[in-house]
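Asker:
Residue numbers (this note's numbering): 6 to 305.
1) What three-state label does DSSP hand residue 71 in the structure shown?
2) Where in the region 86 to 150 do unbroken runs of the alpha helix (DSSP H), each at least 4 residues long, occur, reported from the N-terminal end onward?
3) Relative to the alpha-carbon of residue 162, which residue among 176, 30, 177 and 133 has its alpha-carbon at the smallest distance?
4) Looking at residue 264 and residue 279, is the spacing between their C-beta atoms short of 9 Å?
5) Please say whether residue 47 and residue 2 have beta carbons closer to each other than 9 Å?
6) Could you check whether the region 248 to 258 touches the region 176 to 188, counting it as contact only if at least three pairs of C-beta atoms, one from each stretch, sit closer than 8 Å?
7) Count the C-beta pairs between the region 80 to 90 and the region 98 to 115 that are closer than 8 Å, then say yes if the count reaches three, no if not.
8) How would you call residue 64, buried or exposed, if buried means at least 16 neighbouring beta carbons within 10 angstroms?
9) Whole angstroms are fine: how far does the CA of residue 268 sit from the CA of residue 12?
10) Can you tell me where the alpha helix (DSSP H) with residue 35 in it begins and where it stops?
11) Could you give the residue range of the alpha helix (DSSP H) that holds residue 39?
12) To the nearest angstrom, report how far apart residue 130 and residue 277 are at their CA atoms.
13) Taking the C-alpha atoms as reference points, what is the distance between residue 109 and residue 166?
14) Using three-state DSSP, classify residue 214 as helix, strand or coil.
15) Can you confirm whether residue 150, when its beta carbon is compared against all beta carbons of chain B, has any partner nearer than 9 Å?
16) With DSSP as the reference, identify every bridge partner of residue 277, one or two as the case may be.
17) For residue 174, does the count of other Cβ atoms within 10 angstroms reach 16, so buried, or fall short, so exposed?
18) Determine the DSSP secondary structure at residue 10, reduced to helix, strand or coil.
19) Could you tell me which of 172, 204 and 143 sits nearest to residue 160, measuring between CA atoms?
20) Taking the runs of the beta strand (DSSP E) that are 3 residues or longer, which of them lie wholly in the region 154 to 233?
Structure representation (structure tokens):
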């Protein structure tokens with residue numbers, strides 16, 4: 006993006022000097038894996054299994070500790086991934102395994118082609134995972150195909166189990182002059198709750214602007230838009246979008262568990278990516294979005 010949120014000219018990130026990448030290679034090799042770059046910030050571990058490592062997550066964790074602790078951070082992170090996938094876990098009995106299933110939202114770049122995954126929103130995928138007391142691991146298509154259920158039914162079951170774990174906490178806050186609802190919780194499955202966002206908030210025909218920058222956070226602004234004047238409605242939407250986009254950029258960068266820096270338009274359970282741009286210091290929304298708002302207002 007351009008304008009006031011541009012990062013051009015920013016000072017070099019000390020976590021980008023290659024040290025963490027070198028540590029990843031050393032730890033992976035000690036566990037019998039080699040490393041191969043993949044799209045985005047993913048590194049694939051190649052060995053007994055093909056396992057994705059998100060280097061953005063690794064850097065976010067490294068920022069929290071002194072540099073001398075980086076070897077331990079990388080070792081713990083990679084070992085947890087490898088152990089969770091290689092530890093013996095009998096999933097052959099579906100009647101027992103079904104209670105461990107959840108659906109978790111990941112960045113689209115995490116899909117290595119072998120996950121039990123489906124599109125969730127532009128740039129995001131919904132993945133069936135196995136949640137045990139010691140780890141959360143993804144489910145492969147091979148494992149899924151061995152069960153007496155269809156893919157859609159499996160995702161429905163995973164969502165139902167997330168619901169059964171309990172609701173998120175909802176706080177009302179101000180971002181600048183914009184009132185927003187913040188949904189959060191100590192769980193990896195916060196973003197999954199976007200599938201039933203209307204159960205948390207009063208959302209009218211205009212839908213809501215939402216962000217899901219990391220695994221623990223949803224921020225939403227229902228578009229009530231009571232103004233009669235089309236320009237006033239647009240200005241209200243731009244004000245909300247500006248604050249949400251800035252928050253998405255910050256929270257995505259901070260993590261941990263970054264998902265998406267994008268701004269979305271939530272309507273009736275569907276999420277549309279709103280590609281924003283700046284003209285000077287003013288955020289500009291897509292013309293199609295503005296046209297739909299005008300049409301909806303005319304139909305009221």
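Each residue gets a CB set at the ideal place from its N, CA and C atoms; glycine is no exception.
Only a predicted model underlies this, so the values are computations on that prediction, with no experimental measurement involved.
Answerer: Looking at the atomic coordinates:
1) Position 66 of the chain shown, counted from the first residue, corresponds to residue 71. Shown here, residue 71 sits in coil according to DSSP, grouped into three states, outside any helix or strand.
2) 99 to 102 and 146 to 150, all fully within the region 86 to 150.
3) Numbered from 1 along the chain shown, position 157 holds the residue referred to as residue 162. Considering only alpha carbons, the answer is 133.
4) Here residue 279 corresponds to residue number 274 of the chain shown, with the count starting at 1. Here residue 264 corresponds to residue number 259 of the chain shown, with the count starting at 1. For residue 279 and residue 264, no; Cβs fall outside 9 Å.
5) This structure does not reach residue 2, given that the chain is present from 6 up to 305, and the question cannot be answered.
6) Contact holds: three or more Cβ-Cβ distances are below 8 Å.
7) Output reads no: the region 98 to 115 does not touch the region 80 to 90.
8) Against the chain shown, residue 64 aligns to sequence position 59. Counting of Cβ neighbours within 10 angstroms places residue 64 among the buried residues, the total reaching 16 or more.
9) Taking the first residue of the chain shown as 1, we reach residue 12 at position 7. Taking the first residue of the chain shown as 1, we reach residue 268 at position 263. Because residue 12 sits at a pLDDT of 41, beneath the cut-off of 50, its placement in the model cannot be relied upon, and the following sentence gives the value as read from the coordinates. When rounded, the separation of the alpha-carbon atoms in residue 12 and residue 268 is 18 Å.
10) Counting from 1 along the chain shown, the entry for residue 35 is found at position 30. Per DSSP, residue 35 belongs to the alpha helix (DSSP H) from 24 to 35.
11) Here residue 39 refers to the residue found at position 34 when the chain shown is read from its first residue. Here residue 39 belongs to no alpha helix (DSSP H); instead the beta strand (DSSP E) covers 39 to 42.
12) In the chain shown, residue 130 corresponds to position 125, counting from 1. In the chain shown, residue 277 corresponds to position 272, counting from 1. Looking at the backbone, the Cα of residue 130 and that of residue 277 are separated by about 14 Å.
13) Your numbering for residue 109 matches position 104 in the chain shown. Your numbering for residue 166 matches position 161 in the chain shown. Note on geometry: alpha-carbon atoms of residue 109 and residue 166 lie some 11 Å from one another.
14) Counting from 1 along the chain shown, the entry for residue 214 is found at position 209. The answer is strand: DSSP assigns residue 214 an E or B state.
15) This model lacks chain B altogether, as it is built from one protein chain only.
16) If you number the chain shown from 1, residue 277 lands on position 272. In the DSSP assignment, residue 277 forms a beta bridge with 270.
17) Along the chain shown, one-based indexing puts residue 174 at 169. In this structure residue 174 is exposed. Its beta-carbon is surrounded by fewer than 16 other beta-carbon atoms within 10 angstroms.
18) Taking the chain shown and counting its residues from 1, the one referred to as residue 10 is at position 5. Confidence is the limiting factor: at residue 10 the pLDDT is only 45, short of 50, which leaves the residue's position unreliable, though a coordinate-based value still follows. If DSSP states are grouped into helix, strand and coil, residue 10 belongs with the helices.
19) Reading the chain shown from its first residue, position 155 is the one you call residue 160. With respect to the C-alpha of residue 160, the residue from 172, 204 and 143 having the closest C-alpha is 143.
20) Runs of the beta strand (DSSP E) inside the region 154 to 233: 174 to 180, 183 to 189, 213 to 219 and 222 to 227.
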